[in-house]
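Below is one structure, written out as structure tokens, with a few remarks after it.
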Amino acid sequence: MGRQDKGESAAKKPERPDVQGGGAATSAGILFQQQVGAVFGSRLLAERPLDHRLDLGQAKPERISFETMAPVDDILVETSDGGFIAIQAKTNVSLSKDLGSPFGKTVSQFVRHWLVCRDGDGKLNWNRPLNPRVDRLVFAVGPKTSANVRVTLPAALRQYFQPGGGQLNAGQQRAFDRFESCVQAAWAKATTDAYSAEVVQELAALIRVLSFDFDGSSREAAIETIKDVAQEPGDASGIFSGLETVSAELMAGRGAVDLQTARQKLLGRGFRLLAPPDFRADIARLKDHGAMIAETLKRHEEIKAADGKSISIVRECQDAVRDAALGGSLLIIGEPGAGKSGVLSALARDLKERGSDVLELAADRYSVETMEGLKSELRLEHGLIDTLEAWDGPAPAWLIVDGLDASRGGPGGGVFRNLIERVMSLGGRWKAVASIRTFDLRMGQKFQALFKGTPSNEELTEEEFSQVRHVKVPPWTQAEFDQLLDKAPTLATIMGDATENPQLQDVARVPFNTRLLNELIGDGLVIADLSQVGSQAELLQLYWKHRIETHGAPARQCIRRIAKSMVKTRILRAPFEKAAKSDAAVLDALEGAGVLTSDSKRRKVQFRHHLLFDYATARVLLDPERLIAGKEKMIGKSDARGLMLAPALRFVLQEIWMREPGRAAFWTAAAHVLADKDCDPVIRSATARICAEFPCQHDDIAVLAKRIVAGDENAARAFTHMCGALGIRLEDDSEVPLAPWTGLVRDIAPNVAAVHGALRFLLFRLVDRVDDQNLRRDLGISARALLDHALSLVDPGNLVSSAIDLVGETYASAGPKSRALLEKVFVPDRQAVHAALEVPALCRKIGRIAETDPEFGARIYRETYGFQVNDMRETSVSDSQILPLISNARQDYGMARYALKEFFGEFLELHPYHAVDAIVQAVECYVEREHARNADTVEIEIKIGKRSVRLREDLSYIWASDPESDYDDDDADALIKRLLEHLRSADEANAIRIAERLVETSSLAVFWSRLFLAAGERNDKLLAFCLPIAMQQAFLTSQETAKDAVDVVAKGYERMQRPEKEAFEAAVSQFDFSQYARPDDERIRFERRLFGAIGEASLATSHARAVVKACGTSRDARNDRPYSTELTGIPLDTDLWFLGNAGKSPANRNLKTAID
């Protein structure tokens, strides 16, 4: 309920006393209020009924608030009966009719409280009409209070509110009269409602005067109450003092406590409390049960050597697991047998040693379908969540659950998921840590969501679970394995003798396998027996032979009964009677061999490790021959056995895999599973992942490609499913062998039609991973086959654009063949229909293509800029339901030019000649498209020495008027801007090469303009190259080139000798302006601009200098571009904001000043 707020009322509200006020009396009052709060807190803590003087029967306090916003504001107690006790505490009070006296003020507060509640709406819980059966107004007084208040007045009130009223003696009548006088005065002051005798009667029924002596009986009684919850009776006095301190804090902060909060505050101060009475038995049972599970899990921390000696290895990941657990709830994941249970057991012990409460549970120990069932299994009177919430303490606590994967999709999984979710939602001290196999977490989306977060240790993380808070338990590290071998000399000898079998070394690095190896060595097996072990499956096969087959057919039948029962119920426990049946001796033998284990009462039987269940199921329930024939019925989706059987299926498929080098039987079995729509989806998913994991060389998978090419539909479906799993594996594992898969996509090339979607997906996953040129050649073959197929389709969707991307990415592997296919994009009929989708895809790969085939790169520029899509039909950029993005065909095509523009600078660096060809062709296409020539277009050819240069007007003085513009529309002017940037920054030799190529191939004025601009800025050999060209009349007078040509001449004049200057200035006087309407005027303007730019001091002839001197600073002397825009502003008179004489008013004058 927290801080209480007053409700709306017709009553006037009293002023609040200052809790922090000074003076001895005030300090005594504050202490007394704390002590009263502690008395009620003692009953809250002990869950005892309230003081009998309140006449509230068995009602208990549930929440206590201090310094509330209620009119009676010192303390407000919420009771278990739904009532409220409003308490006002005074240390020393006398009877008085004066409303300003301590007694009168308290009565006034009672009256106001009654009125606020009468008129309240109940939204604050306490502000509803008071009920004398459950509510009280309490006047808490100290021992120094007069007897008239402590004794006489309570007696008078009791007599008065009795049915029919009682006879008051003289003293009681006097006390009651003064009380009623204060009530009437307070009523008149608080409300305008008419007063009646019923008011005082109702108040008399509600008010109780309680006297407290904290130097004597009151404190002793409270301490006696607290002894019920103190671990040691002698601690009760200190706990009461602790309650006083808590009351003081709550008074200062206007806070509140319930039972749980009060316990936490005391526990946090070091006080030792017993569990709440109702939960003590359940908490004790949980502690006992957790200790039993801890003892069971502890064996996973140890490995028995061949000589029977127990070996314990501290895992290197243990500190990381502990640190992660201290940071919050998390999952402990890993492959089967990695040692998760041992790590979890060590974590629990570590946390206990740090003073934390820990409850350990093992999911495979319970056959439950509901939380109620788990409660029964644990023999609890209350629900497990309620018990955990009641199990409080000063330190964080942990629920640790081992083996979430034990549920295997059964109802038990939902129970433990619900348990963990509810524990995490408590928000208190309890956190959850649980172990689960990587496979089961991959299939368990709900567990991923439950433990959503960031892994705390990058080195111990499974990449595919980057959004799940987890720690991955790895196999033995080298250091751990070396420790193990030091402590297990027999195993070390075996490992030393097995140097020619490195696979055995790898097998032994899994803790579960290490256990099996030690047991088998203890059975007498030597290196000769272990020499053929190269995998976990082969080790389990050897274990099966020595621990199960030695007991004959009855043992196999016993194992079959147990496994069948577990699969049917989806619980990794089987009833003892079903397991033993008529041959209990063989069950005893299997338990003695360490294959099976049973609970203490031998009611349930289970395998010693989940891996043994998986392997046993593979041996006795799944038939390899039925899988190959496609007739295995155990894996149908109707029975939902996928999570139970998927690990076992792996062992069966591994057995089939090892039958022959060509793996034909394996791919037959896998194809049957993956192509069967009635197969359990978990089984199909697991099989697809197995198919993605097993191949290590091309021969492992070649038969699948042959079958796909031959038209085998099952093989094609298998490939489709497998590609998804392989894509995930490629993302998660950087060590995946790539040769099998590049070989597969190459071999599929003759017939991609049946698998084009999956092939596209796989090629995209591979192309960024493969660096080897031979393997990229394989990808190129497949990519070209995919594009060839896509181009043949009437409605290819986006398949062509995807295939273009892949062919572009692998272009270097076979340039001519790739080019022949990609050129089909520019076939006019196809271009007219598909250009908006396909050309951008091609241009996105311009870097890969132009790098090895610059000639084709130049053609891509020409074709792309020579074609225009004007279709505005709507297209989709993103199909997101949250933020769908819409485009149109024209805009999509614009992305092609954007890609070309972005690459052009690099193109100039790599292949300057071809890049110049590209931009010349692209811009000419653009000009032809947007600014086509007409009869008035000027095009001339000039002979300069041995070189011929051409100039064609293109209106670029308008559409490319500002070479420094930041605006970039991805069309031709964007390319020209990249060219200018390169000409400015390139080294001198490269700049000259580009200039020479431009002179050879281009005629458009825009190229001359930018070439001259760069030359004038560089002032190096490029300037010397351009100067003779710029000095020609055509370039000096053309609107497109005049500005930059004049700048080149002005800059180059510094390099010219006087005779050259005189010759040039004389030639200028002979320039022909007859084509202009007013030739003389045009000549004057031209000479002023040219000679003005050169400058009087640099000119050689008197005529030229006279021209400059005559024009002075006139506009004609400026060498501006013929077309430009400027943005200017003018000062604004703020009087414009006002109409008429409004600006003269004082208020508006102030406003005008602020504006100015």
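Just so you know, the working numbering puts 1073 at position 1073 of the sequence shown, and the rest follows in order with no gaps. The C-beta atom is built at its ideal place from N, Cα and C for all residues, glycine as well.
The alpha helix (DSSP H) enclosing residue i, as first and last residue numbers
i, result
"E464", "Unbroken run through E464: none, as it is neither H nor E."
"I313", "From DSSP, I313 is part of no alpha helix (DSSP H); its letter is neither H nor E."
"F1091", "P1079 to I1094"
"K1157", "The displayed coordinates of the chain run from 1 to 1156. Any statement about residue 1157 would go beyond what the structure contains."
"E249", "A236 to G253"
"S956", "S956 to W959"
"I400", "Unbroken run through I400 is the beta strand (DSSP E), A397 to D402; no alpha helix (DSSP H)."
C-alpha gap between residue i and residue j, whole angstroms
i, j, result
"Y195", "G393", "53 angstroms"
"V39", "Q167", "34 angstroms"
"Q448", "D506", "30 angstroms"
"A275", "E67", "29 angstroms"
"Q20", "G255", "Residue placement at Q20 is flagged as unreliable, the pLDDT there being 43, under the threshold of 50; a coordinate-derived value is accordingly withheld."
"C317", "T454", "17 angstroms"
"R933", "A758", "50 angstroms"
"F147", "L44", "Position check: residue 147 holds Ala in this sequence, whereas Phe was assumed. Taking the straight line from one Cα to the other gives about 29 angstroms."
"G22", "Q33", "Low confidence applies here, because G22 scores a pLDDT of 45, under 50, leaving its location unreliable and the question unanswered by this model."
"P14", "E360", "Note on P14: pLDDT 34, under 50, position unreliable in the model; the coordinate value appears next. Each residue's alpha carbon lies about 55 angstroms from the other."
"K517", "L267", "Here the sequence assigns Leu to residue 517, which means Lys is not the residue at that position. Approximately 49 angstroms between the Cα atoms of the pair."
"R760", "L766", "10 angstroms"
"R1160", "L206", "A query on residue 1160 cannot be resolved here, the shown segment of the chain reaching from 1 to 1156 and no further."
"L596", "D772", "51 angstroms"
"Q109", "S27", "21 angstroms"
"S345", "D678", "41 angstroms"
"S801", "K943", "48 angstroms"
"D724", "F764", "A small fix is needed here, since residue 724 is Gly in this sequence, not Asp. In a straight line, the C-alpha of G724 is about 12 angstroms away from that of F764."
"E372", "G383", "7 angstroms"
"L1027", "C1111", "25 angstroms"
"T1241", "E224", "A query on residue 1241 cannot be resolved here, the shown segment of the chain reaching from 1 to 1156 and no further."
"I64", "I239", "17 angstroms"
Whole-angstrom C-beta distance between residue j and residue i, which should lie under 8 angstroms
i, j, result
"H610", "D405", "7 angstroms"
"A395", "W430", "Not a contact, Cβ separation roughly 11 angstroms."
"N131", "G57", "Their Cβ separation, rounded to whole angstroms, is 13 angstroms, which puts N131 and G57 out of contact at 8 angstroms."
"G342", "P511", "7 angstroms"
Where the beta strand (DSSP E) containing residue i begins and where it ends
i, result
"N131", "Run containing N131: none; DSSP gives neither H nor E here."
"S456", "S456 -> no beta strand (DSSP E), and no H or E assigned at all."
"L273", "First-last for L273: undefined, no H or E at that position."
"F66", "P61 to F66"
"D258", "A256 to D258"
Minimum Cβ-Cβ distance from residue i to chain C less than 7 angstroms
i, result
"R608", "Of the protein chains in this structure there is only one, and it is not chain C."
### Task
Decide if the segment 347–367 is in contact with the segment 240–260; the criterion is three or more beta carbon pairs, one per stretch, under 8 angstroms apart.
no
### Query
With contact counted as at least three CB pairs below 8 angstroms, one residue from each stretch, are the segment 247–255 and the segment 169–187 in contact?
no
### Task
May I have a chain-ordered list of the beta strand (DSSP E) segments no shorter than 3 residues that lie completely inside the segment 331–394?
357–362
### Query
Does the segment 1014–1025 come within contact of the segment 935–951, defined as at least 3 CB pairs closer than 8 angstroms?
no
### Task
For the segment 696–705 and the segment 656–672, state whether three or more C-beta atom pairs, one from each stretch, are separated by less than 8 angstroms.
yes
### Query
What beta strand (DSSP E) runs, 3 residues minimum, are completely inside the segment 78–103?
84–90
### Query
Of all the alpha helix (DSSP H) runs that stay within the bounds of the segment 672–754, which reach a length of 4 or more residues?
681–693, 702–709, 713–732 and 739–748
### Query
Where are the alpha helix (DSSP H) runs, 4 residues long or more, that stay fully inside the segment 1005–1061, in chain order?
1005–1018, 1021–1030, 1033–1037 and 1042–1052
### Message
Count Cβ pairs between the segment 219–239 and the segment 131–143 that sit closer than 8 angstroms; are there 3 or more?
### Response
no
### Query
For the segment 889–908 against the segment 840–860, are there 3 or more C-beta pairs whose distance is under 8 angstroms?
yes
### Task
May I ask you to verify whether the segment 711–719 touches the segment 667–677, counting CB pairs closer than 8 angstroms and requiring at least 3?
yes
### Three-pair Cβ contact test at 8 angstroms for the segment 536–551 versus the segment 606–622
yes
### Query
Between the segment 304–313 and the segment 275–291, are three or more C-beta pairs nearer than 8 angstroms?
no
### Message
Under 8 angstroms: do the segment 573–582 and the segment 555–562 share three or more Cβ pairs, one atom per stretch?
### Response
yes
### Message
Quick test of the definition: if touching needs 3 or more C-beta pairs under 8 angstroms, does the segment 849–856 touch the segment 806–814?
### Response
yes
### Task
Determine contact between the segment 154–161 and the segment 199–213, defined as no fewer than three beta-carbon pairs at a distance below 8 angstroms.
yes
### Task
Evaluate contact between the segment 614–633 and the segment 419–429, counting only Cβ atoms and requiring at least three cross-stretch pairs below 8 angstroms.
no
#### Entry: Length-filtered (4 minimum) alpha helix (DSSP H) runs lying within the segment 566–591
576–580
### Task
Just list the beta strand (DSSP E) runs in the segment 852–932, keeping only unbroken ones of 3 residues or longer that don't cross its boundaries, in chain order.
874–878 and 885–888
### Message
Would the segment 1027–1037 count as touching the segment 982–993 if we require 3 or more Cβ pairs under 8 angstroms?
### Response
no
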